[in-house]
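J.: Here the protein sequences come in this chain order: E and P. Note that the numbering used here has the first sequence beginning at 1, numbered continuously upward. Note that the numbering used here has the second sequence beginning at 1001, numbered continuously upward. Note that the Cβ used here is the ideal one computed from N, Cα and C, for glycine as well.
Protein chains: 2
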Amino acid sequence: MSTIDKALSLLNHFSETTPEIGLSQFKALSGFDKGTVHRYLKSLSNIGFLEQDPVSKSYKLGPKLVSLAHVRQATVPVSRVAAVHVDALADSIQELAHASVPQTMGMSTIHFKDGGIRGTRVGFDISEILPFHATSSGIAMLAFGPSSLLEKLENQRLQTFTENTSTDLKTLRTLVEQAHKSGYAYSNQTYETEVCSVAVPFFDKSKTAIGTVAIATPSSRMNRAQQNAFAVSAMAISRKITNDLGGKIPESIQDKWALFETAIQAA
Amino acid sequence: MSTIDKALSLLNHFSETTPEIGLSQFKALSGFDKGTVHRYLKSLSNIGFLEQDPVSKSYKLGPKLVSLAHVRQATVPVSRVAAVHVDALADSIQELAHASVPQTMGMSTIHFKDGGIRGTRVGFDISEILPFHATSSGIAMLAFGPSSLLEKLENQRLQTFTENTSTDLKTLRTLVEQAHKSGYAYSNQTYETEVCSVAVPFFDKSKTAIGTVAIATPSSRMNRAQQNAFAVSAMAISRKITNDLGGKIPESIQDKWALFETAIQAA
DNA sequence: TTTGTCGGTTCATTATTTGAACCGATGTAT
DNA sequence: ATACATCGGTTCAAATAATGAACCGACAAA
Chain E
1 MSTIDKALSL
11 LNHFSETTPE
21 IGLSQFKALS
31 GFDKGTVHRY
41 LKSLSNIGFL
51 EQDPVSKSYK
61 LGPKLVSLAH
71 VRQATVPVSR
81 VAAVHVDALA
91 DSIQELAHAS
101 VPQTMGMSTI
111 HFKDGGIRGT
121 RVGFDISEIL
131 PFHATSSGIA
141 MLAFGPSSLL
151 EKLENQRLQT
161 FTENTSTDLK
171 TLRTLVEQAH
181 KSGYAYSNQT
191 YETEVCSVAV
201 PFFDKSKTAI
211 GTVAIATPSS
221 RMNRAQQNAF
231 AVSAMAISRK
241 ITNDLGGKIP
251 ESIQDKWALF
261 ETAIQAA
Chain P
1001 MSTIDKALSL
1011 LNHFSETTPE
1021 IGLSQFKALS
1031 GFDKGTVHRY
1041 LKSLSNIGFL
1051 EQDPVSKSYK
1061 LGPKLVSLAH
1071 VRQATVPVSR
1081 VAAVHVDALA
1091 DSIQELAHAS
1101 VPQTMGMSTI
1111 HFKDGGIRGT
1121 RVGFDISEIL
1131 PFHATSSGIA
1141 MLAFGPSSLL
1151 EKLENQRLQT
1161 FTENTSTDLK
1171 TLRTLVEQAH
1181 KSGYAYSNQT
1191 YETEVCSVAV
1201 PFFDKSKTAI
1211 GTVAIATPSS
1221 RMNRAQQNAF
1231 AVSAMAISRK
1241 ITNDLGGKIP
1251 ESIQDKWALF
1261 ETAIQAA
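(1) Our contact map puts residue 71 of chain E next to residue 1051 of chain P with C-beta atoms below 8 Å; I'd like the distance itself, whole angstroms only.
(2) Would you decide whether residue 56 of chain E is buried or exposed? Buried here means 16 or more other CB atoms lie within 10 Å of its CB.
(3) Could you give the residue range of the alpha helix (DSSP H) that holds residue 1251 of chain P?
(4) Quick check on DSSP: helix, strand or coil for residue 1188 of chain P?
(5) Enumerated in chain order, which unbroken segments of the beta strand (DSSP E) with a length of 3 residues or greater are wholly contained in the segment 1015-1071 of chain P?
(6) Mind checking the segment 1070-1100 of chain P against chain E and listing, in chain order, the residues whose C-beta falls within less than 9 Å of any C-beta there?
(7) Roughly how many whole angstroms lie between the Cα atoms of residue 41 of chain E and residue 155 of chain E?
(8) Output the boundary residues of the beta strand (DSSP E) element that contains residue 84 of chain E.
(9) Going by DSSP, name the residue or residues bridged to residue 199 of chain E.
(10) Report yes or no: is there a C-beta of chain P within less than 8 Å of the C-beta of residue 63 of chain E?
(11) Please report whether the beta-carbon of residue 108 of chain E lies at a distance below 8 Å from any beta-carbon of chain P.
(12) At 8 Å on the CB atoms, spell out the chain P contacts of residue 261 of chain E, in chain order.
(13) Tell me the rounded alpha-carbon separation between residue 93 of chain E and residue 5 of chain E.
(14) Using DSSP bridges, identify the partner residues of residue 1106 of chain P.
(15) Here's the rule I'm using: 16 or more other beta-carbon atoms within 10 Å means buried, otherwise exposed. How should residue 177 of chain E be labelled?
(16) For residue 248 of chain E, list the residues DSSP reports as bridge partners.
(17) Pull the bridge partners of residue 113 of chain E from the DSSP assignment, please.
(18) Using CA atoms only, rank isn't needed, just tell me which of P:1249, P:1235, P:1259 is closest to residue 1089 of chain P.
(19) I want to see whether chain P comes within less than 8 Å of residue 48 of chain E, judged by CB atoms only; does it?
(20) Determine the closest residue to residue 113 of chain E out of E:162, E:229, E:87, with distance taken between C-alpha atoms.
(21) The alpha helix (DSSP H) spanning residue 145 of chain E covers which residue range?
(22) Measure the Cβ-Cβ separation of residue 218 of chain E and residue 101 of chain E and say whether it is below 8 Å.
(23) If we count Cβ pairs, one from each stretch, closer than 8 Å, do we get three or more for the segment 197-212 of chain E versus the segment 136-146 of chain E?
(24) Assuming residue 81 of chain E and residue 244 of chain E form a contact by the criterion Cβ under 8 Å, report the distance between their Cβ atoms to the nearest whole angstrom.
(25) Thinking just about the alpha-carbon of each residue, which of E:232, E:239, E:110 is nearest to the one in residue 262 of chain E?
(26) Leaving out five residues on either side along the sequence, give the residues of the same chain with a beta carbon under 8 Å from the beta carbon of residue 37 of chain E.
(27) Against residue 1005 of chain P, what residues of chain E qualify as contacts under a CB-to-CB distance less than 7 Å, listed in chain order?
(28) Who are the neighbours of residue 201 of chain E on chain P, taking C-beta pairs under 8 Å?
(29) When DSSP builds the beta bridges, which residues end up paired with residue 209 of chain E?
(30) According to DSSP, is residue 239 of chain E part of a helix, a strand, or is it coil?
(31) Measure the C-alpha to C-alpha separation of residue 1174 of chain P and residue 21 of chain E and round it to an integer number of angstroms.
(32) Using a C-beta cutoff of 8 Å, does residue 66 of chain E count as contacting chain P?
(33) Among the residues of its own chain, which have a CB less than 7 Å from the CB of residue 110 of chain E, if the five just before and after it don't count?
(34) By alpha-carbon positions, which one of E:147, E:117, E:179 ends up nearest to residue 135 of chain E?
(35) Do residue 195 of chain E and residue 184 of chain E come within 8 Å of each other at the CB atom, strictly closer than that value?
(36) For residue 237 of chain E, which residues in the same chain have their Cβ closer than 6 Å to its Cβ, ignoring the five residues on either side in sequence?
Right, here's the structure in full:
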């Protein structure tokens, strides 16, 4: 692990629920030496990745991240494009929908929207990383994205989240194959109890999967018919997102989706 | 300069007009050794600050920046709040308006909006850093923000941008005092020729200036009356932004602005 | 007064970064 | 067909920067 990696890993300790962190707390969270952490924090503050509250002395994420994110958004307008379609999806099916993109450790959500106010509701933290092996978004990404993602996982121990989480490589491979065969990924309480989800990939111009659209619902509302309906909805949205991004869906998947849709409509 | 600073400085070479950069180009831009740059790029890619195009091999800003910016926005909703008021300002006065926040090297714009389509127009690059000494936003920040900003500048050589740029500390101090006295900053072609601007600060809960709202216009459309009208408009917007952020305007400035406004209205 | 904790600094030791030389692939003038 | 240039990427001994135990002053509670 290089110095750069170590310094930047500090940023991962921030989240919506933990927006401010002090020096000692950083030391505890990261396990690095206090002096080292302090130097990291100074560097990160200098370039604007962090800023320090002058009275409480604690650190929070800095404004530079926002300006860089702007440039990123201008470069790759995935968020903007995905957002409008995810919103439409959430509105139409009245369930939580989200779009996510792969990061090193899992899927990072770029946009989500709650589906109205129904009885139970799926909680969602946008800064949370959805692990590849335990979420439908992750499985979809593994199934349709670059195979390097799956290879990276092979050397890691897969964390258990619920009693349904698959933690061995063999069953993970089965899940991925299943997703590949059916054209979408399904997960039943593998990350959080009482939450089911369905996910499909969307693609860039080189027909590479670059992210996923997913629908999450309390498992009490999930059944086979719902699952199929959700998959169809997600596929439709993925087509729109892919299209708006100037991307292309691989023919094999296009065919699979078309078949699935006609089968569901027939039923 | 630490390794961290050097690695992260690479990110500054990206902008809306330069969204993709290759290894050799990075070497040229940064002056670092090729091997070193490559290690930096690998580290930055690993954590998602960059991503590499698998075919062209060039690098662009990565998705992690977006997710971190999200958390930042949730922590400090300056952008969201400023955006709506800046948009309203641009619409009402039909000129370019922007909100900016201080960074190490100058003011970084968090939001801007063009003011309709009139004859000439001010070009604006959101990823550009507005130098403290040569823009109204910068002067406003120096005049009303923490005095440490001005102190930092004292050791640096001030860059010349136009023939109107003040590059010596003495005239800079005069400009800052002027802004402090009048309650707003004015600049006439000190950064770009043919562009004039007016800027006022907005504040946080501890009555510290944390950013500026500015109006920029082609100098052909600027005159004394316009300048006054723009200042009044900017002050009104600053009040709204400050208020929405839960901030407070220092009494001395509140009084100054009130006096100024009544004087203009009387005229 | 003591004790603990906070953020921050110091400097000899240590481990990481550095960069010239190298590689293979691709491109392109001769 | 050949030579030459440029691209991204890698290597490893030498040079340099990162590290962390000990320390400081400020503050707060016991």
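T.: A quick look at the data gives this:
(1) That pair is no contact at about 13 Å.
(2) exposed
(3) 1251-1266
(4) It is a strand residue.
(5) 1050-1052, 1059-1061
(6) 1070, 1071, 1072, 1073, 1074, 1075, 1076, 1078, 1079
(7) Near 31 Å, if we compare the C-alpha coordinates of residue 155 of chain E and residue 41 of chain E.
(8) Not the beta strand (DSSP E): residue 84 of chain E falls in the alpha helix (DSSP H), residues 78-93.
(9) E:185, E:214
(10) It does: the Cβ of residue 63 of chain E has a partner Cβ on chain P nearer than 8 Å.
(11) yes
(12) Correct list: empty, because the minimum Cβ distance to chain P is about 30 Å.
(13) Taking the straight line joining both Cα atoms gives about 41 Å.
(14) P:1131
(15) Residue 177 of chain E is exposed by the Cβ-count criterion.
(16) For residue 248 of chain E, DSSP assigns no beta-bridge partner whatsoever.
(17) E:97
(18) Comparing Cα-Cα distances from residue 1089 of chain P to each of P:1249, P:1235, P:1259, the minimum goes to P:1235.
(19) yes
(20) E:87
(21) For residue 145 of chain E, there is no enclosing alpha helix (DSSP H), as DSSP marks it with neither H nor E.
(22) no
(23) Touching, per the Cβ criterion.
(24) Confirmed, about 5 Å.
(25) By alpha-carbon distance to residue 262 of chain E, the top candidate from E:232, E:239, E:110 is E:232.
(26) Once the five neighbours on either side are set aside, the close Cβ partners of residue 37 of chain E are 10, 23, 26, 27, 30.
(27) Near residue 1005 of chain P (Cβ distances below 7 Å), the residues of chain E are 43, 46, 47.
(28) Ordered by position in chain P, no residue passes the 8 Å Cβ test against residue 201 of chain E, which lies about 15 Å from the chain.
(29) E:203
(30) Helix, per DSSP.
(31) 39 Å
(32) Chain P contact via Cβ: present.
(33) 78, 79, 82, 99, 100, 101
(34) E:179
(35) no
(36) 85, 89, 213
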